[in-house]
Structures are given as C-alpha cells and as structure tokens.
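Take a look at the structure set out below.
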Amino acid sequence: TWTSFIPTNVSCNTYGSVCGKGSSWISDTAANGGEKFFTSYEPGFDDTNSGAEFEGSIAPQAITLGGQTVYQADMVNFGRDSGDKTYITYPNGVKAFPHLGVLALNAGPNQKAMAQDFPLSTTNSTPKYFSAWIPAGSLYSQSVIPSYSYGLHYGSAALNYSGSLYLGGYDKGRVIGPYTTYSSRNPVLMDITIGVETGDSPLPFHHKTGLLEVGDAKQIEVEIVPHSPSLYLPPETCEGLAKVLPIYYDRITRYYLWNTSDPLYEQLITSPAYLGFVFPPAPGSSDNVNIKIPFRLLNLTLTSPIVSSPIQYFPCQATTPSADTGFKYALGRAFLQGAFVGWNTKTNLGWLAQAPGPGVAGLGLGIEGKDIEDDATELDVYDGTKKDYFAQSWANHWTPINAKKTSDLANDTTSDASSTGNASNVDENKPSGRHGISLSVGAIVGIAAGGAVLAVIIASALVFCILRRRRQRKTVKVVQFDRRSLWPKTPDDIAMEPPRRTRTPPPPFSQYPSDPHREPYHHFAEMPGQREIQELYSSHRFELEQPEVQELYPQPRFEMGRHSRYELGLPASTTIDYSAGNRRWSIMANHH
Numbered sequence: 001t002w003t004s005f006i007p008t009n010v011s012c013n014t015y016g017s018v019c020g021k022g023s024s025w026i027s028d029t030a031a032n033g034g035e036k037f038f039t040s041y042e043p044g045f046d047d048t049n050s051g052a053e054f055e056g057s058i059a060p061q062a063i064t065l066g067g068q069t070v071y072q073a074d075m076v077n078f079g080r081d082s083g084d085k086t087y088i089t090y091p092n093g094v095k096a097f098p099h100l101g102v103l104a105l106n107a108g109p110n111q112k113a114m115a116q117d118f119p120l121s122t123t124n125s126t127p128k129y130f131s132a133w134i135p136a137g138s139l140y141s142q143s144v145i146p147s148y149s150y151g152l153h154y155g156s157a158a159l160n161y162s163g164s165l166y167l168g169g170y171d172k173g174r175v176i177g178p179y180t181t182y183s184s185r186n187p188v189l190m191d192i193t194i195g196v197e198t199g200d201s202p203l204p205f206h207h208k209t210g211l212l213e214v215g216d217a218k219q220i221e222v223e224i225v226p227h228s229p230s231l232y233l234p235p236e237t238c239e240g241l242a243k244v245l246p247i248y249y250d251r252i253t254r255y256y257l258w259n260t261s262d263p264l265y266e267q268l269i270t271s272p273a274y275l276g277f278v279f280p281p282a283p284g285s286s287d288n289v290n291i292k293i294p295f296r297l298l299n300l301t302l303t304s305p306i307v308s309s310p311i312q313y314f315p316c317q318a319t320t321p322s323a324d325t326g327f328k329y330a331l332g333r334a335f336l337q338g339a340f341v342g343w344n345t346k347t348n349l350g351w352l353a354q355a356p357g358p359g360v361a362g363l364g365l366g367i368e369g370k371d372i373e374d375d376a377t378e379l380d381v382y383d384g385t386k387k388d389y390f391a392q393s394w395a396n397h398w399t400p401i402n403a404k405k406t407s408d409l410a411n412d413t414t415s416d417a418s419s420t421g422n423a424s425n426v427d428e429n430k431p432s433g434r435h436g437i438s439l440s441v442g443a444i445v446g447i448a449a450g451g452a453v454l455a456v457i458i459a460s461a462l463v464f465c466i467l468r469r470r471r472q473r474k475t476v477k478v479v480q481f482d483r484r485s486l487w488p489k490t491p492d493d494i495a496m497e498p499p500r501r502t503r504t505p506p507p508p509f510s511q512y513p514s515d516p517h518r519e520p521y522h523h524f525a526e527m528p529g530q531r532e533i534q535e536l537y538s539s540h541r542f543e544l545e546q547p548e549v550q551e552l553y554p555q556p557r558f559e560m561g562r563h564s565r566y567e568l569g570l571p572a573s574t575t576i577d578y579s580a581g582n583r584r585w586s587i588m589a590n591h592h
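Below, the structure written as structure tokens:
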C-alpha cells in the first residue's frame with residue numbers, strides 16, 4: 001500500500017481500551033510552517049483476507065523514526081471521524097475497531113513511486129499541491145539510505161523476541177540461507193511439510209510431506225502480507241493438517257483451535273517439531289528452500305472481541321481465491337515470526353528466507369546491520385547448509401524428546417546407512433525410533449546381565465586353574481583336562497603319569513603356529529578340540545582357600561580374597577535504533 005494508516009487521538013478517546021500503551025498521534029501540525037491542511041481525497045485500505053477496512057483523510061505529517069525525520073509523510077488518520085468504514089470483521093462476524101495501524105514500506109510490486117501528489121485544501125483561496133512521501137522513499141531520495149528497500153522479521157512477543165525492520169538494509173542476524181527470490185509474481189509455495197529438527201517425534205512419524213492439498217494443482221502462489229495475521233491456505237490443506245495435529249475446526253469462532261486437553265498438544269508445542277514451507281531455489285541454486293516455523297510460534301491466542309476468554313488457536317484460515325471477492329492465498333504475521341522477507345524496489349526483487357530462533361539474548365544470531373545496495377540482487381547471509389544455525393538458535397527454547405538417546409544412536413544410524421550402500425532408499429515417513437522396532441529395556445538388561453555373568457564365569461575358571469597350578473609348583477606343571485570326563489584330573493592322578501612335553505596347539509591358538517615351545521610348560525594355551533565349548537559341571541559352590549590376597553602375573557592383574565564381595569552392576573519493549581555511522585535505518589519492536 002502507498003499510504004500509512006495510523007489511529008488518531010480521536011480514536012483513542014472513543015476506543016481507549018484497545019489503543020495500547022503507546023502515545024496517540026495528534027494530527028494538528030504540518031511540515032510547512034505548522035499550517036493545518038488536509039485533502040478532499042480519502043484513500044482506503046481493504047484487505048479481504050483479514051477482513052480489515054480502513055478509510056480516512058490524508059494528513060501529511062513530519063514523522064521522526066530512529067532519529068531521522070521524514071517530512072510530509074503520507075499518513076492517513078482514521079478514527080471516529082471515519083465513520084463505520086474503519087473496522088475489522090473477524091471470521092465469526094464480529095466487527096471491531098482496529099488494534100493496529102499500517103506502515104507503508106513501498107508502493108507495492110512493480111511500483112517505484114516514492115510519493116504521491118495531492119491537491120491541498122487550505123484556508124487560502126489559491127489551490128496548492130503537495131507531495132506525501134512514503135517514509136523509505138523520502139529517506140532514499142535524500143540519500144539517507146542506499147536503496148529504496150527494506151528487510152523485515154517479526155519475531156515473537158510471546159518469547160520476548162523483538163521484531164526487526166531495516167529501511168535501506170537488513171539485519172544479517174535474522175537471515176539463514178539459502179533463500180528464495182521472487183519478483184513481479186508472488187513466491188511459489190511447492191509443498192508444506194511437518195518435521196522434527198532434533199530428537200524423536202511426538203507424532204507417529206518423523207517427517208511428512210505432501211501436506212499442501214489444493215485439488216489438482218501441485219503448487220500455489222502466495223502473497224507475503226505483514227499486515228495480516230494468519231496463514232491463508234486452501235481448505236483441503238487446513239483440513240489435512242487437522243487430521244495429523246491436535247487441532248479442530250470450531251464452527252462458532254470459525255478458527256482452528258488447539259485441543260489443549262490432548263497430551264500431544266503440550267508435547268508438540270514444546271518440542272523441536274515444525275511446520276515447513278517449501279519454495280523453489282533462487283537462480284543459481286539447486287536445492288529447494290524449506291522455511292521451518294516451530295509449532296511453538298503457531299500456538300497463538302484468541303482474545304476479546306473475538307472470544308470472551310482467551311483460547312489457543314492454530315492460524316490456518318481456509319481460503320478460496322477469487323477475483324470477485326478479493327480472497328487470495330497468503331502468508332501473514334504468523335509465518336513471518338519464523339521467516340525473513342526483504343525487498344529492493346529498484347530491482348523489483350524480493351528475498352524470502354529462514355529466520356533464526358530467539359537465541360540466547362532474544363536477538364537471533366546477533367545484531368549485524370547490512371546495507372542493501374541500489375542494484376542488489378543478492379544478500380550476504382549465514383549459510384544454514386554449513387552450520388545448523390536454526391537448531392542452535394532454538395536450543396534454549398524447546399525440549400527435544402529422547403535427545404540423548406538419539407545422539408547415542410547417531411553413529412550406529414550412520415553405520416547402518418553406509419552398510420546398506422544406498423541411504424537414499426530410506427523412507428522419509430518412517431516412524432521415529434520411539435515408534436519403530438527396537439529392543440525393549442528388559443531385553444537390553446537381559447543381554448547386559450548375561451554378558452556380564454559369562455565374563456565372570458570365564459574369569460573365575462581361569463583364575464581357578466592358575467591358582468591350582470601355583471600350588472602344585474614342581475609336582476605338577478599343568479592340570480590337564482580329561483576328554484573322557486567333565487572333571488579335571490587330580491594332582492595324585494597326574495603324579496602317576498610319566499612327564500611329557502607339550503607342543504603349542506595349531507592355529508588359531510598359537511602365536512607362532514609352526515614352532516613348538518623350547519621349554520615345556522612355559523605358556524598357557526587353549527586346548528584343541530572339535531567339540532563346542534562347554535561349561536564345567538558343578539552342583540555346589542566352590543570357594544578359594546587362600547586367606548590372603550595374591551597377585552598373579554602376567555597382566556592383567558587379578559586380586560581375589562576369601563572375604564571379597566563381588567557385585568554385578570548394570571548401567572545404571574519497543575526499541576528504535578538509528579546509527580549515524582551507517583546509511584541504513586532500523587526499527588526493532590515487540591509486536592503483540
């Protein structure tokens with residue numbers, strides 16, 4: 001829109017309860033000598049999607065923003081004098097006075113005008129004309145800013161995440177690449193997805209595509225509308241989302257409401273789950289752009305005058321475009337809480353990108369103002385393909401589900417994908433680990449306990465043989481196992497047999513398979529055999545007789561005493577800023 005529509009002090013006198021905490025505008029001064037003047041022309045602003053209709057008188061004013069004054073700004077005052085033509089009609093039919101005005105950023109797509117000329121009505125008899133400036137156009141014409149452009153990110157009032165508006169530039173700390181671009185035509189929305197940035201999914205799936213349902217069409221054009229609150233999407237799309245999310249259409253309010261009694265609701269809005277909007281790549285790029293809006297940002301509140309008491313709603317408004325009615329597919333403030341939009345009027349080019357989360361200080365990735373040059377077609381942004389800026393900026397503001405478990409299994413998952421030889425065959429709609437096939441806790445504990453017991457048995461048998469050998473010393477060198485019996489021979493039995501040399505067993509038991517030991521009984525070796533390994537038979541418990549702790553060599557060392565105990569353990573407010581050192585001009589503000 002060309003014109004900024006601002007509520008006047010008159011409207012606050014009538015609708016004081018909705019005027020907010022800011023000061024009111026008294027339109028009784030003008031830029032040229034303080035002369036009060038208006039035009040007979042009354043421009044209007046009509047947004048069918050949001051039901052907003054503004055109308056009032058042009059009242060050019062000197063407006064100071066960020067320390068910079070714009071004279072004769074194109075302003076319209078609306079309020080009581082505008083009659084019944086200034087109101088918002090909500091989906092349930094309730095009409096109310098607008099809570100907010102509209103600030104013009106440019107003249108619209110394909111429009112390069114910076115001002116409008118109007119006939120001036122004064123007390124003088126000689127007709128006069130004046131120019132009413134769009135603020136950014138006025139600043140550009142005076143070379144205060146390098147281009148007739150802007151960069152905008154709304155932020156989130158609920159998270160105390162200030163909005164960011166730059167005229168002539170943008171805040172790099174609010175943009176994560178890659179971005180998509182658009183020009184005379186609106187951005188093309190290719191698909192809507194649901195995904196989880198990290199951890200398990202609270203939903204029965206981890207990632208779901210194909211949620212943009214619009215009859216036979218595969219994609220739609222969407223207008224970016226910062227002045228409108230909702231997501232204006234095809235009816236089939238809103239209905240499809242209601243099938244997979246804990247939301248439902250309320251016929252009284254005519255909004256999609258969150259089912260707050262569903263346990264999934266709380267888990268979903270606090271998790272890293274998001275609603276993704278897929279756009280085509282910018283020229284020169286190959287990958288689509290998926291702008292992720294966490295569900296926490298889509299948990300909005302309806303208040304008076306729509307409802308008598310606050311209630312949570314999901315901002316999907318079923319929309320059927322029509323040239324007769326003026327309805328159109330569009331993405332409003334709910335979308336811009338998590339997305340960045342920029343525009344350069346001279347090149348007639350727009351940018352749309354992922355915005356970061358609040359970060360540590362509620363400033364995204366940090367304040368980093370950048371100019372948009374007059375002929376700019378590209379932006380310097382943080383590359384989200386090289387570093388996960390999005391997840392990092394949200395880390396303190398969501399609660400991943402089983403994040404530790406997911407991290408522990410990351411390497412195994414990578415190995416499994418590599419071993420298959422074709423990771424691209426993995427189903428993106430595959431349920432998360434929490435819902436898929438996995439070992440139960442009981443099975444894991446059983447395996448761990450069984451492995452530990454087996455290790456103890458083997459170690460005990462080895463120590464038992466070593467200690468008996470040391471006791472026998474010179475009399476008996478090796479306790480041999482009688483293949484005809486499960487019981488070992490006694491020292492007396494062995495003493496009756498003639499001594500004999502022992503050769504090293506064949507591979508794989510010998511380190512040097514072809515050489516016999518030079519001296520008998522110098523090394524221990526596992527006995528060869530074709531039968532499977534069996535456990536020693538025992539019907540009662542054996543305990544070692546030595547009362548003192550003995551050290552056994554070589555390594556590893558074993559310490560064992562008569563009174564030793566062994567336990568088997570299992571794994572347990574509005575800020576406006578202008579820097580004279582830069583040519584860009586910025587506004588940062590909380591929105592409500």
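Quick note on numbering: the sequence shown equals residues 1 to 592 in the UniProt record's numbering.
In this text, a Cβ means the ideal position worked out from N, Cα and C, and glycines have one as well.
F335 places its beta carbon less than 8 Å from that of I293. With contact defined as three or more Cβ pairs closer than 8 Å, the segment 181 to 194 and the segment 248 to 257 are not in contact.
Contact annotation: L331 and V222 have beta-carbon atoms nearer than 8 Å.
By alpha-carbon distance to F327, the top candidate from W2, T3, F5 and D46 is D46.
Taking one beta carbon from each stretch, the segment 365 to 379 and the segment 186 to 201 have fewer than 3 pairs nearer than 8 Å; the two do not touch. Shown here, P283 sits in coil according to DSSP, grouped into three states, outside any helix or strand. If you draw a straight line from the Cα of T193 to the Cα of E213, it is about 11 Å long. Take the alpha-carbon of K208 and the one of G195: they are about 6 Å apart. Annotation for S141: the continuous alpha helix (DSSP H) segment containing it runs P135 to S141. Beta-carbon to beta-carbon, P202 and P400 are separated by about 10 Å, too far to satisfy the 8 Å threshold. Residue pairing by DSSP places L65 opposite Q68 in a beta bridge. Annotation for P283: T181 place their beta carbon closer than 8 Å to its own, counting only its chain and skipping 5 residues before and after. As for any beta strand (DSSP E) of minimum length 3 sitting wholly inside the segment 242 to 280, the runs are 247 to 250, 255 to 258 and 273 to 279, ordered along the chain. By the C-beta density criterion, Y129 is exposed, having fewer than 16 other C-beta atoms within 10 angstroms. Looking at the backbone, the Cα of V225 and that of P60 are separated by about 25 Å. Between I252 and N92, the beta carbon gap of about 7 Å places them in contact (Cβ cut-off 8 Å).
Contact between the segment 312 to 322 and the segment 339 to 353 is absent, with fewer than three C-beta pairs closer than 8 Å.
For W343, the uninterrupted beta strand (DSSP E) segment begins and ends at A339 to N344. By the neighbour-count definition (other C-beta atoms within 10 Å, threshold 16), N299 is a buried residue. Secondary structure of A330 (DSSP, three-state): strand.
Residue range C316 to A318 is occupied by the beta strand (DSSP E) that includes Q317, with no alpha helix (DSSP H) assigned at that position. If the five residues before and after G240 are omitted, its C-beta is found closer than 7 Å to the C-beta atoms of L211 and E213, all from its own chain and listed in chain order. When DSSP reads this structure, T399 sits in no beta bridge, so it has no partner.
Scanning Y71, S304 and Y329 for the CA closest to the CA of P235 turns up Y329. Following the DSSP letters along the chain, one finds W351 inside the beta strand (DSSP E) bounded by residues L349 to Q354. CA-CA distance, N290 to D191, rounds to 9 Å. If you look at A52, you'll find it isn't in any alpha helix (DSSP H); it sits in the beta strand (DSSP E) that goes A52 to E55. Secondary structure note for Y179: its beta strand (DSSP E) is the uninterrupted segment I176 to Y182.
Assignment of A391 by DSSP, reduced to helix, strand and coil, places it in the helix class. When C-alpha distances from D74 are compared across P98, A113, S4 and D374, the shortest belongs to S4.
For Y161, there is no enclosing beta strand (DSSP E), since its DSSP letter is neither H nor E. By the beta-carbon neighbour count (other beta carbons within 10 angstroms, threshold 16), P135 is buried. Distances from the CA of Y166 to each of L152, E55 and R174 were compared; the closest alpha carbon is that of L152. Secondary structure of K386 (DSSP, three-state): coil.
Beta-carbon to beta-carbon, A355 and F340 are separated by about 5 Å, close enough to satisfy the 8 Å threshold. Separation of the CB atoms of N402 and G199 is rounded to 6 Å, and the pair is thereby assigned contact status at 8 Å.
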